[in-house]
Ligand code: SF4
């Protein structure tokens, strides 16, 4: 077998003098704040990054969503029909869709859906939790709720179950057993898309959503 | 670039008041922001220690971790390629693009691709490359290289950018409104994302344990590049590997806190595979190109090895007093993405193009910058130039006078004074100290400072008159 | 031949002395004090002696070797440094250095410079004894200063090495703050280099000039009548730029300033 670049690189690295590995640092063990403290911290951080946070309850979240949609008047809302969230939305729209945006289902592969995707005004997704101390949502897109939902439309509405707010990213990783089960893609989202590349002036929505609205369901 | 060219660039840069204002303002803001997120000194020290230990662990097992990364990526369906040189890496990327008959590529900001001069290579082969990070997009339109690894277009102000957009983007009106400039970029680039056949990105951390590529960004262009096109090619320097997923939280905090003064960037992408069965979007192929380009050589040098701990946060640039005066272009290479020597950004931006000693504390941030020891200086001194390992060898003392850029001035004084071993340098031996040696005292004999002898007293000197000011 | 072994070590500590105070101490004069600021060196010595600590000035001393070292000539730097190792008796008395830069070189770089050399152990012992002057005065001697001067507004310049390598700025400023009629106004960008950088100022005068211009602007903005520093390299650079612009601000080494303020006490 001929020697490859890989073999040569690894051989060079192996022939270098070895150093002993320092011990892995102790994992940070802070006392995690209570749930209400975590919700507050997350809210503060997300708002500082110009996300809009609305707190609601399991009984009222749909009403809160509908109120938001009526208030904002988007004409289209992208949703994932196969998720429980999607089912609940379909249900609500079936009962009274008056004055609500037209629902657009992300139900086919991107190859045939691209044109449509780039024209919707807002999208709603679920979340896989959140991290309170840095302020970030955890998204874990999958076949039912694709990746581009939270990226391409100008507005992203994210529904977050309050119990899934972790104190730290370390906690979220440990509790969720991430290392044993990484999906195709995961993304932490801490606010609307932004840039400061022109004179360090903050501007939103340069590529991703201009707005991030988080509904925290307690 | 020769010393004369550098001096010319410096002159131009210093004469450019706008440029100096842009840099002074930007770097000052970065420093302040970073201070704001790392306000708790004890916690910050702990975090630094943690980050450094993690990176040192990586270096202690680098070849094994790279193999583990390769195995886990491969298991996940990510195709791994190795390149010893930028030329080979460029070729690998082009081959993938050609295999898919793609003609348009969208790119997220990647310093290793700058190091490879990838854009120029692809364009030479007929591939349209579109930089999608706003800063990179601006300088690409203007045919420039980044002047800062975090904010590539920081040397431009909005008037200059307004002009570039107006001239180079078809149909763009002249506007100095930052919001509107962003909107122009958004509209232009959205189309490019949708049409591109291949997306190229860098990698901030590659997790060996899970075969996961971690990318941080604020704009969402990285997500676009790695999700929309059917093929994603990630390029990374081989030092980007980390051991475990659980290592990411402290490293991310250090990186984003230092780079932009954020607790976390808007997006942290964790990419572990191409699109799986049943998924509706994401690339169907993901490639990872691992580049050496001298890193294994740096690794083999115990003094330089620690520079591979660098996470490319850019803090050393923000603090480098020379860089902040002259900007990134004067050096003739992109600090932090130099094809000749892939070292941390602040490695050669300081006085004499070495790390400025003001950066010593940053060393402890993550150990990216080496100590200022004779080793690196020797490597930089022309009369003794011997590559990075030159300083360790016992070389003959330079006989010819040092070259102008290396060790002129005061440095030369010490060099020319070099005495045969064991004897004082001639000039020094004749210097003022000797005249004051105790009578008959060999050098080294104690001279219990007779009042008024070694230092002339000036009892009548007017108060507050500094010696220098009397001259 | 000339290998002062320094075996004439005085009893240490001497019984009739405050056992916390070393006796004696050695003084390393530094090239720049020698050439440009002799009164700073003299003041530094007198202030130590005023505390009842005898100061010895080994005659064979010259330069710490930094210029060669910083320019990438370790062999030459080592030869110069070796002179210092030989010049100072190999005992336990502190070696006091009125410069953060030279002290940093001797304390932090000598061990590496002599690693694997016959003088390694000597260099390490030497390095362990080096102490920057203001730290010595404040932390080891615990001096108490009585201000005898007229009210005065000053600012302080931290040299890169004193701040980052020797970490002694708190001591230096602490001494100034003991002076009851001196108001210390801090620089807005205290952590930034003045542009001297040893050989850097010679090799890259334009960049160095840009740095010192900004530094002088900063000094001027404090409204101080005097700028105090613990390193003569910086002082030379800064006072030169001040004089060039004809500004009515004086530069002074910390030791000389303190001597002047407390003289006769
Ligand atoms: S050397 Fe240190 S400060 Fe500079 S970019 Fe690397 S990690 Fe950041």
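Residue numbers (my numbering), protein chains in the order written: chain F, 793 to 1010; chain V, -17 to 453; chain R, 2 to 266.
The C-beta atom is built at its ideal place from N, Cα and C for all residues, glycine as well.
Heavy atom of the ligand SF4 within 8 Å of residue i beta-carbon
{"i": "residue 87/R", "result": "no"}
{"i": "residue 299/V", "result": "yes"}
{"i": "residue 240/V", "result": "yes"}
{"i": "residue 318/V", "result": "yes"}
{"i": "residue 327/V", "result": "yes"}
{"i": "residue 296/V", "result": "yes"}
{"i": "residue 26/V", "result": "no"}
{"i": "residue 0/V", "result": "no"}
{"i": "residue 306/V", "result": "no"}
{"i": "residue 291/V", "result": "yes"}
As assigned by DSSP and simplified to three states, the class of residue i
{"i": "residue 236/V", "result": "helix"}
{"i": "residue 48/R", "result": "helix"}
{"i": "residue 262/V", "result": "coil"}
{"i": "residue 136/V", "result": "coil"}
{"i": "residue -13/V", "result": "helix"}
{"i": "residue 135/R", "result": "helix"}
{"i": "residue 97/V", "result": "helix"}
{"i": "residue 91/V", "result": "coil"}
{"i": "residue 148/V", "result": "helix"}
{"i": "residue 192/R", "result": "coil"}
{"i": "residue 72/R", "result": "coil"}
{"i": "residue 131/V", "result": "coil"}
{"i": "residue 952/F", "result": "strand"}
{"i": "residue 57/R", "result": "strand"}
Bridge partners - residue i, DSSP secondary structure assignment
{"i": "residue 189/V", "result": "194/V, 224/V"}
{"i": "residue 980/F", "result": "930/F, 250/V"}
{"i": "residue 63/V", "result": "271/V"}
{"i": "residue 183/V", "result": "216/V"}
{"i": "residue 0/V", "result": "Paired residues: none, contrary to the question."}
{"i": "residue 28/R", "result": "97/R"}
{"i": "residue 847/F", "result": "1008/F"}
{"i": "residue 871/F", "result": "897/F"}
{"i": "residue 153/R", "result": "183/R"}
{"i": "residue 229/R", "result": "157/R, 253/R"}
{"i": "residue 996/F", "result": "986/F"}
{"i": "residue 958/F", "result": "923/F"}
{"i": "residue 122/R", "result": "Its beta-bridge partners do not exist; DSSP assigns none."}
{"i": "residue 86/V", "result": "110/V"}
{"i": "residue 322/V", "result": "Paired residue(s): none; residue 322/V is not in a bridge."}
Test: residue i CB closer than 9 Å to a CB of chain R
{"i": "residue 308/V", "result": "yes"}
{"i": "residue -13/V", "result": "no"}
{"i": "residue 400/V", "result": "Any reading at residue 400/V is ruled out, since the residue's pLDDT is 26, under 50, leaving its predicted position unreliable."}
{"i": "residue 317/V", "result": "no"}
Residue-chain proximity (residue i, chain V), Cβ-Cβ < 9 Å
{"i": "residue 142/R", "result": "no"}
{"i": "residue 145/R", "result": "no"}
{"i": "residue 205/R", "result": "yes"}
{"i": "residue 920/F", "result": "no"}
{"i": "residue 956/F", "result": "no"}
{"i": "residue 212/R", "result": "yes"}
{"i": "residue 96/R", "result": "no"}
{"i": "residue 194/R", "result": "yes"}
Residue i Cβ short of 8 Å to the ligand ATP heavy atom set
{"i": "residue 247/V", "result": "Looking at this structure, you won't find the ligand ATP anywhere; what it does contain is the ligand SF4."}
Any C-beta of chain F under 9 Å from that of residue i
{"i": "residue 300/V", "result": "no"}
Touch test, the stretch 856 to 867 of chain F against the stretch 218 to 237 of chain V, Cβ-Cβ under 8 Å, three pairs minimum: no
At least 3 beta-carbon pairs within less than 8 Å: the stretch 11 to 22 of chain V vs the stretch 229 to 247 of chain V: yes
The stretch 92 to 103 of chain V in contact with the stretch 140 to 149 of chain V per 3-pair CB rule at 8 Å: no
Stretch-stretch touch, CB-based, cutoff 8 Å, three pairs: the stretch 74 to 89 of chain R with the stretch 212 to 221 of chain R: no
At least 3 beta-carbon pairs within less than 8 Å: the stretch 182 to 199 of chain R vs the stretch 136 to 156 of chain R: yes
Contact the stretch 187 to 203 of chain V vs the stretch 65 to 79 of chain V: 3+ CB pairs below 8 Å: no
Residues from the stretch 261 to 286 of chain V in contact with chain B, defined by Cβ distance under 8 Å: Looking at the structure shown, chain B is missing, and the protein chains on hand are F, V and R.
The stretch 831 to 847 of chain F contacting the stretch 980 to 990 of chain F, beta-carbon criterion three pairs below 8 Å: yes
Meets three-Cβ-pair contact criterion under 8 Å: the stretch 106 to 121 of chain R and the stretch 49 to 58 of chain R: no
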